[in-house]
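Taking it in order: structure first as structure tokens, then the write-up.
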Amino acid sequence: MTAPIDATAAAHVAALTTRRAEALERELYALRVLRAEIQQLRPGLLLDRLDGWHAGAADHYAERVRDIRLALAGTEHVMHDAEHALAAGVDALRRRGAAS
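Shown next, in the form of structure tokens:
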């Protein structure tokens, strides 16, 4: 008598797993789009040369540029790690759903 309940529960778990994997895939897509935008904007965001600037302003700007470059690099690294974690989560959910 427990077989129909078990089959229903398994179907419910499989449906939840599929919905969770789909939600993770949407998050993964959004993360990849955002990371690609950052990578495209980074080269033109900050000046590479400071020729002709007042020395004090140039020094201050150069300091801020270094800070921003480090922050962007850190952000890209965190986003890259998050992308891999999400992809692994999607794969794990898909495998678990396929095994059900």
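The opening position of the sequence shown corresponds to residue 22 in my numbering, with each subsequent residue numbered one higher. We put the CB at the ideal spot given by N, CA and C, even for glycine.
Around the beta carbon of ALA42, 16 or more other beta carbons sit within 10 angstroms, so the residue counts as buried.
Rounded to whole angstroms, the Cβ separation of LEU49 and GLU104 is 6 angstroms, and the two are in contact under 8 angstroms. Around the beta carbon of THR38, 16 or more other beta carbons lie within 10 angstroms, which makes this residue buried. Segment contact: the region 102-118 against the region 52-60, three or more CB-CB distances shorter than 8 angstroms; contact assigned. Under the criterion of beta carbons closer than 8 angstroms, LEU45 and VAL99 do not qualify as touching, at roughly 17 angstroms. Residue environment for LEU114: buried (at least 16 other C-beta atoms within 10 angstroms of its C-beta).
Looking at the backbone, the Cα of GLU84 and that of LEU91 are separated by about 11 angstroms.
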